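Novice: Before I ask anything, here is the structure I am working with.
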Amino acid sequence: MSPDLILLAALMGVATYPSRAVPMLAPGIERLPPRALEYLRLVTPAVLAALAAVNTMVGTGPDGQPVFHVGIEWIAVLLCLAVVWWRRNLFLGLLVAVVLTAAARAVA
Amino acid sequence: MTGSPPAAAQSDGASPRQSATGTVDAATTLEASRRRLVMDGLGVVASAIGFGLVYGLSAREAGFSLIEAVAMSVLVFAGAAQFAAVGAVAQGVGWPAIVLLTAFLNARHLLYSAALAPWVARTGRPTRAVMAYLLTDEAFALSIAHFRRIGRFDLRGYWYAAIVTTFIPWNLATIGGVVLGGVIAEPSRIGLDVVFPAAMAGLAVGLATGRREAVAAGAGAAIAVLVSLAWAPSGGIIVGGLLGPLLAMLVPGGPVRRTNPVPLGLASELDVATTHVTSEVSGSGGAPADPGRDPDIGVAP
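Chains D and Z are the protein sequences, given in the same order. FYI, in my numbering the residues of the first sequence are 1 to 108. FYI, in my numbering the residues of the second sequence are 109 to 409.
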């Protein structure tokens, strides 16, 4: 049971707490320009999409260098996206993606 | 235990304290609102358990130990940032970059905290400090709707929203996910390795409530892949996540689409709440919203 990442978790907690606490503890100083607030609001979808894309499309080549990856994961993630868009249900989308991937790998 | 209402809530003509029957009506309103809070909270509990399990599974898949995954759920207690950290650790992103990413991802809490500030102004500073630690998308959405219904602050309602519906289920489900992942010998054979990217993509779709959000997500993904191939995946995620929003801000903002609040979980609903709070904070310096206006932002009826 490795504890190596506990320090990282603590640092992430330290990075998170001010945005939660400052306006409540010292009201007024949190005011930011509207464009800065808009930028911060857009960071979340951008980061989540970046994580999804890199985890799906980028693999590691024999020499350890990043390579473009094409596989069943593409279809699984796209299917999940379609289900979420259509049914507004993430868990159903995840289920479909997992079942498709498992079935494809079982056949292969 | 309740606190004092902010000035805006006290001046509201519909405030329970100014009704003809005085404290009886106030108590009735408080109890009715708390019952609704409990019912609304059940959906949040289900969501927290589901996402907590997925987080635990993903963390296990990325090599986190049980204590590391739980430490993150306790100390960070922010789903999107935790998912991002799992992906970033798996891709070999350095700790400073992960901490920076966390700060950006969780900066939205600034808006929630600012919106709550007038309601909690008369609460003791140590209590506010603990409340801030437990402030999440879910706690904000549930509690601010409750405060608006009753026209004043209710500490017990806040603890319920923050601890009972979110903190406890999220942490128990994290443990469940890690343990479940541990008993599965080869997770990739049954497709569990695809859970993480699919969950990230699905959440991003849920957040694409307008043109700018969609552009931010699309541009962030494209930039991340290109930079990953040219440089390193760890750099690609950071560059895509930070440049995508800049490109999105170049396009005109489309109308905010109110999403179906039931099945996707709070991520999509709360982005709508964030949008409203953004305008409140930037427009009026953090004054509370009119308690009579749109009291159910972000919470399923």
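The beta-carbon is built from N, C-alpha and C at its ideal position, and this holds for glycine as well. No experiment lies behind these values; they were computed from the predicted model shown.
Compute the Euclidean distance between the alpha carbons of Leu48/D and Val347/Z, then round it to the nearest angstrom.
Specialist: Along the first sequence, read from residue 1 onward, the residue named residue 48/D stands at position 48. Along the second sequence, read from residue 1 onward, the residue named residue 347/Z stands at position 239. So the alpha carbons of these two residues sit roughly 12 Å apart.
Novice: Of the choices Met180/Z, Gly195/Z and Glu246/Z, whose alpha-carbon is the least far from that of Asp301/Z?
Specialist: The residue labelled residue 301/Z in the question sits at position 193 within the second sequence. Checking every option, the nearest Cα to that of Asp301/Z belongs to Gly195/Z.
Novice: Give me the chain Z residues within the contact set of Val58/D, using Cβ-Cβ distance strictly less than 9 Å, ordered along the chain.
Specialist: Walking along the first sequence from the start, residue 58/D turns up at place 58. Chain Z residues near Val58/D: Gln199, Ala332, Val333, Ser336, Leu337, Pro341 and Gly344.
Novice: Taking beta-carbon pairs under 7 Å, can you tell me which members of the segment 167-186 of chain Z lie near chain D?
Specialist: Those residues of the segment 167-186 of chain Z that come within reach of chain D (Cβ to Cβ, closer than 7 Å) are Phe172, Ser173, Leu174, Ile175, Glu176, Ala179, Met180, Leu183, Val184 and Ala186.
Novice: Taking 8 Å as the threshold (beta carbon to beta carbon), is Trp203/Z in contact with chain D?
Specialist: The residue labelled residue 203/Z in the question sits at position 95 within the second sequence. Interface residue, yes.
Novice: Looking at C-alpha atoms only, which residue of Asn279/Z, Ala293/Z, Ile292/Z and Leu242/Z is the closest neighbour of Tyr444/Z?
Specialist: Outside the displayed span of chain Z (109 to 409) sits residue 444/Z, for which this structure offers no information.
Novice: Of all the residues that make up the segment 144-160 of chain Z, which are near chain D by a beta-carbon distance shorter than 7 Å?
Specialist: Cβ contacts with chain D: Gly158.
Novice: Please classify Thr60/D: does DSSP put it in a helix, a strand, or coil?
Specialist: Here residue 60/D refers to the residue found at position 60 when the first sequence is read from its first residue. Strand, per DSSP.
Novice: Which of the three DSSP states is assigned to Asp4/D in this structure?
Specialist: For the purposes of this step, residue 4/D is identified with residue 4 of the first sequence, where counting begins at 1. Here Asp4/D sits in coil by DSSP.
Novice: So, are the CB atoms of Glu321/Z and Pro33/D less than 8 Å apart?
Specialist: On the second sequence, residue 321/Z is found 213 positions in, with the first residue counted as 1. On the first sequence, residue 33/D is found 33 positions in, with the first residue counted as 1. Result no, Cβ atoms of Glu321/Z and Pro33/D do not sit closer than 8 Å.
Novice: Check distances from the C-beta atoms of the segment 284-303 of chain Z to those of chain D and list, in chain order, the residues that come in under 7 Å.
Specialist: Residues Arg297, Ile298, Gly299, Leu300, Val302 and Val303.
Novice: Run down chain D in chain order and give the residues with a C-beta less than 9 Å from the C-beta of Arg236/Z.
Specialist: Residue 236/Z sits at position 128 when you count from the first residue of the second sequence. Going along chain D in sequence order, the residues near Arg236/Z (Cβ under 9 Å) are Ala21, Met24 and Leu25.
Novice: For a quick check, are the C-beta atoms of Leu79/D and Leu100/D less than 8 Å apart?
Specialist: As a first step, residue 79/D is located in the first sequence; it is residue number 79 there, counting from the start. As a first step, residue 100/D is located in the first sequence; it is residue number 100 there, counting from the start. Yes. Within cutoff.
Novice: Along chain D, in chain order, which residues have C-beta atoms closer than 7 Å to that of Thr210/Z?
Specialist: As a working mapping, residue 210/Z is identified with position 102 in the second sequence. Within chain D, the residues near Thr210/Z are Met12, Ala15 and Thr16.
Novice: Going along chain Z in order, which residues have a C-beta closer than 8 Å to the C-beta of Gly93/D?
Specialist: Here residue 93/D refers to the residue found at position 93 when the first sequence is read from its first residue. Ordered by position in chain Z, the residues that pass the 8 Å Cβ test against Gly93/D are Ala306 and Gly310.
Novice: Quick check on DSSP: helix, strand or coil for Pro18/D?
Specialist: As a working mapping, residue 18/D is identified with position 18 in the first sequence. If DSSP states are grouped into helix, strand and coil, Pro18/D belongs with the helices.
Novice: If we ignore side chains and look at the alpha-carbon of each, how far apart do Glu176/Z and Leu213/Z end up?
Specialist: Counted from its first residue, the second sequence places residue 176/Z at position 68. Counted from its first residue, the second sequence places residue 213/Z at position 105. Cα-Cα distance, rounded: 20 Å.
Novice: When DSSP builds the beta bridges, which residues end up paired with Val67/D?
Specialist: In the first sequence, counting from the first residue as 1, residue 67/D sits at position 67. DSSP lists Gly59/D as partners of Val67/D.
Novice: In the DSSP assignment, find the unbroken alpha helix (DSSP H) run with Tyr220/Z in it and report its ends.
Specialist: For the purposes of this step, residue 220/Z is taken as residue 112 along the second sequence, with counting starting at 1. Unbroken alpha helix (DSSP H) run through Tyr220/Z: His217 to Leu224.
Novice: Chain D beta carbons: is any one of them nearer than 8 Å to that of Ala381/Z?
Specialist: For this step, residue 381/Z is matched to residue 273 along the second sequence. With a pLDDT of 45 at Ala381/Z, under the threshold of 50, the predicted position of this residue should be treated as unreliable, and no value is reported.
Novice: Flag this pair as yes or no: are the beta carbons of Gly349/Z and Ala52/D separated by less than 8 Å?
Specialist: Position 241 of the second sequence holds residue 349/Z. Position 52 of the first sequence holds residue 52/D. Result no, Cβ atoms of Gly349/Z and Ala52/D do not sit closer than 8 Å.
Novice: Taking all protein chains shown into account, do 16 or more other C-beta atoms lie within 10 angstroms of the C-beta of Ile258/Z, making it buried, or fewer, making it exposed?
Specialist: One-based indexing of the second sequence puts residue 258/Z at position 150. It is buried - the Cβ of Ile258/Z has at least 16 other Cβ atoms within 10 Å.
Novice: Determine whether the Cβ of Tyr268/Z lies closer than 8 Å to any Cβ atom of chain D.
Specialist: On the second sequence, position 160 is the one that residue 268/Z refers to. By this cut-off, Tyr268/Z is not an interface position.
Novice: Check whether chain D comes within 8 Å of Tyr163/Z, counting only Cβ atoms and requiring the distance to be less than that.
Specialist: Locating residue 163/Z in the second sequence gives position 55, where the first residue counts as 1. No, Tyr163/Z does not count as interfacial toward chain D.
Novice: Quick one: give me the first and last residue of the alpha helix (DSSP H) that Asn279/Z is part of.
Specialist: Sequence index remark: in the second sequence, residue 279/Z carries index 171 (1-based). Ile276 to Val291 is the span of the alpha helix (DSSP H), which, as asked, contains Asn279/Z.
Novice: To the nearest angstrom, how far is it from the Cα of Ala104/D to the Cα of Ile72/D?
Specialist: Within the first sequence, residue 104/D is the residue found at index 104, counting from 1. Within the first sequence, residue 72/D is the residue found at index 72, counting from 1. Going by the C-alpha atoms only, they are around 7 Å apart.
Novice: Count Cβ pairs between the segment 251-265 of chain Z and the segment 160-179 of chain Z that sit closer than 8 Å; are there 3 or more?
Specialist: These segments do not touch.
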